[in-house]
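According to our numbering, the sequence shown is numbered sequentially starting from 1.
Even glycine gets a Cβ: it sits at the ideal position worked out from N, Cα and C.
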Amino acid sequence: MDPSFALDPTTALQAATRTQALEPPPPRLLVAGAGGPLGREVLREALAHGRYARVGVLTRAPLQAGLRRLHAVPYDDGDDSSPALPAHDFAVVVFDRGRDHYGRDEAYHLPEPHELPALAARVRASGVHTLVVVCPIAPALLPQALQHGLANLDEQAVAALGFERLLFVRPTQDAVALTLTAWPQRLARWMLSQLRYMVPQQERPLRAGAVAAFVFEVLRQWRDAAPGTRIAAAPLLWAAAQKEGPEPVVQRWLHGDATLPLPQGGRGPG
Numbered sequence: 001m002d003p004s005f006a007l008d009p010t011t012a013l014q015a016a017t018r019t020q021a022l023e024p025p026p027p028r029l030l031v032a033g034a035g036g037p038l039g040r041e042v043l044r045e046a047l048a049h050g051r052y053a054r055v056g057v058l059t060r061a062p063l064q065a066g067l068r069r070l071h072a073v074p075y076d077d078g079d080d081s082s083p084a085l086p087a088h089d090f091a092v093v094v095f096d097r098g099r100d101h102y103g104r105d106e107a108y109h110l111p112e113p114h115e116l117p118a119l120a121a122r123v124r125a126s127g128v129h130t131l132v133v134v135c136p137i138a139p140a141l142l143p144q145a146l147q148h149g150l151a152n153l154d155e156q157a158v159a160a161l162g163f164e165r166l167l168f169v170r171p172t173q174d175a176v177a178l179t180l181t182a183w184p185q186r187l188a189r190w191m192l193s194q195l196r197y198m199v200p201q202q203e204r205p206l207r208a209g210a211v212a213a214f215v216f217e218v219l220r221q222w223r224d225a226a227p228g229t230r231i232a233a234a235p236l237l238w239a240a241a242q243k244e245g246p247e248p249v250v251q252r253w254l255h256g257d258a259t260l261p262l263p264q265g266g267r268g269p270g
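And the structure:
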């Protein structure tokens, strides 16, 4: 090889440094509500991707994290003097039914719906520019107090905080459930819930894993699409849960395609 074409080590180092400078560092993700079936799937999906430099999880008790990228973030929602949250880029807030019977979720902070505006304000102050709020898959299984809270979820207050990208995920049509107090209403709701065993598969509640996969596919693709506030309703989630996977559905949705496919053999929930 002609020595004149030999690459000077200093030039090579400078070129590599410039290349690294052009590549943005891996984002940092914060998860609130990692307990319950849906919260666990969201946390598992976050750690499985490997595209996040750090995955923080809000805790209310000491957490022994055995994974290198998982970090406990103690959270105290008592007053305004609580310490600031560490810096993150993305945040996912999950509302799910309570902790399991084996104590696996005891360390995680499970946010209540009335906490959302204050929690969103704190994550926004920590540098989060993209927030995803995930409603439950089966609201009928939630305690009445939590159902009532979801019915009054203050989405407008969260949108007013100035997030660059804000997504509300509603896996079922009744994700914002109404509180039923009269016994005839409760009986009717119970009878309708039993009919779910007789309806086609595409009209039953989605799997937690499918919802989590949709959330992280949106987070992966959204940086190349227009920012703003979006709502992902049940039919869109069902389309993303089909055999082709969420990637093409999310891509078309983020870029304004109004002709998204619906599940074969049915129109999906609602």
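Residues near residue i in its chain [Cβ-Cβ closer than 6 Å; skip 5 each side]
i: residue 126; result: 85, 87, 88
i: residue 163; result: 131
i: residue 231; result: 168
i: residue 63; result: 72, 107
i: residue 75; result: 58, 109
i: residue 1; result: In this predicted model, residue 1 has a pLDDT of only 49, less than 50, meaning its place in the structure is not dependable enough to derive any value.
i: residue 246; result: 213, 214, 217, 240
Member of the options whose CA lies at the smallest distance from the CA of residue i
i: residue 212; options: 45, 111, 124; result: 45
i: residue 29; options: 48, 164, 57, 37; result: 57
i: residue 107; options: 238, 35, 251; result: 35
i: residue 110; options: 61, 90, 138, 155; result: 61
i: residue 251; options: 232, 239, 218; result: 218
i: residue 222; options: 150, 208, 167; result: 167
i: residue 71; options: 134, 52, 229; result: 52
i: residue 37; options: 210, 26, 226; result: 210
i: residue 239; options: 49, 253, 226; result: 253
i: residue 68; options: 54, 76, 74, 77; result: 54
i: residue 39; options: 220, 215, 229, 228; result: 215
i: residue 153; options: 122, 116, 50; result: 116
i: residue 90; options: 158, 82, 165, 48; result: 165
i: residue 206; options: 220, 172, 82; result: 172
i: residue 229; options: 155, 220, 208; result: 155
i: residue 220; options: 248, 83, 242, 157; result: 248
Anticipated Cβ contact below 8 Å, residue i with residue j, distance rounded
i: residue 32; j: residue 128; result: Not quite, the Cβ-Cβ distance comes to about 11 Å (not below 8 Å), so this is no contact.
i: residue 170; j: residue 120; result: Incorrect: roughly 17 Å between the Cβ atoms, too far for contact.
i: residue 123; j: residue 42; result: No, residue 123 and residue 42 are not in contact; Cβ-Cβ is about 15 Å, not under 8 Å.
i: residue 118; j: residue 77; result: 7 Å
Residue i - containing beta strand (DSSP E), residue span
i: residue 74; result: 70-74
i: residue 228; result: 228-232
i: residue 110; result: Looking at the DSSP string, residue 110 is not in any beta strand (DSSP E), and its letter there is neither H nor E.
Endpoints, alpha helix (DSSP H) assigned at residue i
i: residue 125; result: 116-125
i: residue 91; result: Per DSSP, residue 91 belongs to no alpha helix (DSSP H); it is in the beta strand (DSSP E), 90-94.
i: residue 55; result: Element bounds for residue 55: not the alpha helix (DSSP H) but the beta strand (DSSP E), 54-59.
i: residue 220; result: 208-221
i: residue 40; result: 36-49
Close-in-space but distant-in-sequence residues of the same chain around residue i (CB under 7 Å, 5 per side omitted)
i: residue 225; result: 254, 255
i: residue 161; result: 120, 121, 124
i: residue 282; result: Lying before the first or after the last residue shown, residue 282 is absent from the chain, which here runs from 1 to 270.
Close-in-space but distant-in-sequence residues of the same chain around residue i (CB under 8 Å, 5 per side omitted)
i: residue 26; result: 51, 52, 53
i: residue 158; result: 116, 117, 120, 131, 133, 166
Any non-hydrogen atom of the ligand SAM closer than 7 Å to residue i Cβ
i: residue 214; result: The ligand SAM is absent from the structure shown, which contains no ligands of any kind.
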